[in-house]
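Heads up, the sequence shown is in this note's numbering, so the first residue is 1186 and it goes up one at a time.
This report concerns only the one structure given below.
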Amino acid sequence: LLNMKDICDFINTVDVEDIKPILKRQIDYNWAIAEEGIKGNYGANIGKVLLDMEGNNVRVRAKAMAAAGSDARMNGCELPVVINSGSGNQGITASVPVIVYAKELKVGEEKMYRALALSNLAAIHQKTPIGRLSAYCGAVSAGAGIAYLCGGGFKEIAHTVVNSLAIVSGIVCDGAKASCAAKIASAVEAGILGYNMYIRGQQFYGGDGIVTKGVEETLQNVGRLGKEGMKETNEEIIKIMIGE
1186 LLNMKDICDF
1196 INTVDVEDIK
1206 PILKRQIDYN
1216 WAIAEEGIKG
1226 NYGANIGKVL
1236 LDMEGNNVRV
1246 RAKAMAAAGS
1256 DARMNGCELP
1266 VVINSGSGNQ
1276 GITASVPVIV
1286 YAKELKVGEE
1296 KMYRALALSN
1306 LAAIHQKTPI
1316 GRLSAYCGAV
1326 SAGAGIAYLC
1336 GGGFKEIAHT
1346 VVNSLAIVSG
1356 IVCDGAKASC
1366 AAKIASAVEA
1376 GILGYNMYIR
1386 GQQFYGGDGI
1396 VTKGVEETLQ
1406 NVGRLGKEGM
1416 KETNEEIIKI
1426 MIGE
């Protein structure tokens, strides 16, 4: 039922008051666990590593805060998270980087809510063809909301999605654990890179691996990869994890 064009039309026309209740809760909960992840000692502390390694600019903070939220969630923090497509990590990935950019760019509450709606719907759209369980990491869907906050329209958003999926599609899911945070950081980086590629006249084209001309066609390929292509991968991962 979803496609990127209709998603973009919806987020530009929806009455923000209709989407505000659920998104306000996502902001409050997911931001709280991200802050806890930065303050505490959880998992591999990917957020802290990124800030120490790369500095404190908005690109680094977007990756670090999302990673910190995941590290906390995967490693014992009991704070609640508003999920996306059945996944707390996807909920964190779809929201926290967008919140970081909204704060940095001082876009105002309404535009932040529209960007979050876009990010969440884009993540759902990307994950729907794959199904609930797959060896495909579903937390790689980052970047659409950031592109919108930076002034992008449908064309920029669509190319950001395609470019970022060309970079990180195929990261394997081997359960909920500390390395999820690092995968999320990589996905956010890919989303930011995908947007910055396009605004500089660079992009991946149809025929570049799984990329096909058109965002919907590329998303179909990603869905096929995750649902069909990684069935055997999923079985092998389970065998590895149980020591067969």
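Note that beta-carbon positions come from the ideal geometry of N, C-alpha and C, so glycine has one too.
Just so it is clear, the structure is predicted and the values come from calculations on it, not from any experiment.
- DSSP, reduced to helix, strand and coil, places Y1380 within a helical segment of the structure shown.
- By the criterion of a C-beta distance shorter than 6 Å, D1359 is surrounded in its chain by I1422, once the five residues flanking it on both sides are discounted.
- The DSSP assignment places no complete run of the beta strand (DSSP E) inside the region 1280-1322 (cut-off: 3 residues).
- Here the alpha carbon of I1331 sits roughly 23 Å from the alpha carbon of M1238.
- For I1204, the CB contacts under 7 Å within the same chain, skipping 5 residues up- and downstream, are Y1298, A1302 in chain order.
- Taking the C-beta atoms as reference points, A1329 is found no nearer than 8 Å to S1354.
- Assigned with DSSP and collapsed to three states, N1241 falls in coil, not helix or strand.
- When secondary structure is reduced to three states using DSSP, V1357 falls in the strand class.
- Distance from the CA atom of K1233 to the CA atom of G1276, rounded to whole angstroms, is 20 Å.
- For the pair A1375 and I1352, the CB atoms are nearer than the 8 Å cut-off.
- The beta-bridge partner set that DSSP reports for N1269 consists of S1272.
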